[in-house]
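Have a look at the structure below before the remarks.
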Amino acid sequence: MNLVPAERIENKILLIRGEKVIMDRDLAGLYHVETRALIQAVKRNIERFPADFMIQLNKGEFDILISQNVTSRWGGTRKLPYAFT
Numbered sequence: 376m377n378l379v380p381a382e383r384i385e386n387k388i389l390l391i392r393g394e395k396v397i398m399d400r401d402l403a404g405l406y407h408v409e410t411r412a413l414i415q416a417v418k419r420n421i422e423r424f425p426a427d428f429m430i431q432l433n434k435g436e437f438d439i440l441i442s443q444n445v446t447s448r449w450g451g452t453r454k455l456p457y458a459f460t
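Take any residue in the sequence shown, count from 1 to its spot, add 375: that is its number in the working numbering.
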């Protein structure tokens with residue numbers, strides 16, 4: 376079993392809506408899966424998760440997130456990302 380160093384996870388944690396979250400892309404990367412595969416798996420099994428387990432960012436939150444990075448890690452357009460609590 377390969378363990379992920381704590382620093383790698385800690386660097387991915389953001390504060391959104393007063394909650395500590397990890398963005399969908401970063402969580403997928405930790406699990407070595409595509410972001411869309413992670414989202415699909417959660418949506419298919421949504422009854423297994425609490426209601427606040429996953430939130431979708433609104434346009435304003437997404438714009439702030441992008442502006443805080445020198446370059447967009449998302450590259451181009453995509454649906455508004457999800458954050459996982």
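We put the beta carbon where it would ideally sit given N, CA and C, even for glycine.
A458 - containing beta strand (DSSP E), residue span: The count along the sequence shown starts at 1 and reaches residue 458 at position 83. Per DSSP, A458 belongs to the beta strand (DSSP E) from Y457 to F459.
Where the alpha helix (DSSP H) through L389 begins and ends: Here residue 389 is taken as the residue at index 14 of the sequence shown, counted from 1. According to the DSSP assignment, L389 belongs to no alpha helix (DSSP H) but to the beta strand (DSSP E) extending over I388 to I391.
8 Å Cβ cutoff met for K395 and I388: Counted from its first residue, the sequence shown places residue 395 at position 20. Counted from its first residue, the sequence shown places residue 388 at position 13. A contact, by the Cβ cut-off of 8 Å.
Residue from A416, D399, R419 and L405 with nearest C-alpha to N377: As a first step, residue 377 is located in the sequence shown; it is residue number 2 there, counting from the start. Per the Cα distances, L405.
Through-space distance from M398 to P380, alpha-carbon basis: As a working mapping, residue 380 is identified with position 5 in the sequence shown. As a working mapping, residue 398 is identified with position 23 in the sequence shown. Looking at the two C-alpha atoms, the distance is approximately 18 Å.
Whole-angstrom distance between R392 and E422, CA atom to CA atom: The residue given as residue 422 occupies position 47 in the sequence shown. The residue given as residue 392 occupies position 17 in the sequence shown. Linking E422 to R392 through their CA atoms gives a straight-line distance of about 23 Å.
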